[in-house]
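A.B. asks: Sharing a structure, written as structure tokens. Questions coming.
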Amino acid sequence: MLDRLTSVDFALSIEGAVSHLVDLDGMFDWSKSPAANLESVVSELDRAEWSDRTVGISLLFPKSVHGGDLLFHQGRTSISLVIEINRKTLPGSQFCDFGWYLNRIIPILEPMGLVGVEAQDSL
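Take the sequence shown: its letters are residues 2 to 124, numbered as in the numbering used here.
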């Protein structure tokens, strides 16, 4: 999935760093690595021994400053995108512009087997 996202210009490094997670204890302690280490970070997240753990990586949407944390949950049958990097809101509102995000990511994920989408915003 990360290969597909980067092939359409999603950025996995932000300001020269890759923010990533292997959640070992439910505390979601994120780490940062230099962007030059992206390949080794992705390899680490993909290790079979982490299939029972949540792993994640931060990303930016193509040609934008908006992004979030992409989480691959235990068993790898579901993912979450926690939108928190320069969150795009609806004009004149404090609520997230989910349409902006969904219009950009669903066409990429649907051919990969996407079967459902949930969106939630809370203040």
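Where a beta carbon is used, it is the ideal one built from N, C-alpha and C, also for glycine.
1. If we ignore side chains and look at the alpha-carbon of each, how far apart do leucine 39 and isoleucine 106 end up?
2. Spell out the partners DSSP gives proline 35 in its beta bridges.
3. If you measure between the beta carbons of isoleucine 15 and serine 59, is that distance less than 8 Å?
4. Quick check on serine 20: buried or exposed, where buried means 16 or more other Cβ atoms within 10 Å of its Cβ?
5. For valine 42, does the count of other Cβ atoms within 10 angstroms reach 16, so buried, or fall short, so exposed?
6. Does any C-beta atom of chain C lie closer than 8 Å to the C-beta of lysine 33?
7. Do you know how far the Cα of alanine 36 is from the Cα of serine 123?
8. Beta strand (DSSP E) containing phenylalanine 73: first to last residue?
9. Check leucine 25 in the structure and name its three-state DSSP category.
10. Helix, strand or coil for valine 119, going by three-state DSSP, please let me know.
11. Could you name the residues that DSSP lists as bridge partners for isoleucine 84?
12. What span of residues does the alpha helix (DSSP H) with serine 8 cover, start to end?
13. Which term fits leucine 115, buried or exposed, when burial requires 16 or more other beta carbons within 10 angstroms of its beta carbon?
C.D. replies: Checking against the coordinates, here is how it stands:
1. Indexing the sequence shown from 1 puts residue 39 at position 38. Indexing the sequence shown from 1 puts residue 106 at position 105. Near 21 Å, if we compare the C-alpha coordinates of isoleucine 106 and leucine 39.
2. Counted from its first residue, the sequence shown places residue 35 at position 34. In the DSSP output, where bridge partners are listed per residue, proline 35 has Ala18.
3. Stepping through the sequence shown from its first residue, residue 15 is reached at position 14. Stepping through the sequence shown from its first residue, residue 59 is reached at position 58. Cβ atoms of isoleucine 15 and serine 59: closer than 8 Å.
4. For this step, residue 20 is matched to residue 19 along the sequence shown. The residue is buried, with at least 16 neighbouring Cβ atoms inside 10 Å.
5. Here residue 42 refers to the residue found at position 41 of the sequence shown. That one is buried.
6. Among the chains of the structure shown, chain C does not appear; only one protein chain is present.
7. One-based indexing of the sequence shown puts residue 123 at position 122. One-based indexing of the sequence shown puts residue 36 at position 35. Cα to Cα, serine 123 sits roughly 32 Å from alanine 36.
8. Along the sequence shown, read from residue 1 onward, the residue named residue 73 stands at position 72. Phenylalanine 73 -> beta strand (DSSP E) spans 68-73.
9. As a working mapping, residue 25 is identified with position 24 in the sequence shown. Coil at leucine 25, not helix or strand.
10. Your numbering for residue 119 matches position 118 in the sequence shown. Note that residue 119 is glutamate in the sequence shown, not valine. Note: glutamate 119 maps to coil in three-state DSSP.
11. Along the sequence shown, read from residue 1 onward, the residue named residue 84 stands at position 83. Note: isoleucine 84 sits in a beta bridge opposite Gly69.
12. Numbered from 1 along the sequence shown, position 7 holds the residue referred to as residue 8. Run containing serine 8: 3-8, per the alpha helix (DSSP H) assignment.
13. Mapped onto the sequence shown, residue 115 falls at position 114. With fewer than 16 Cβ atoms within 10 Å of its Cβ, leucine 115 is classed as exposed.
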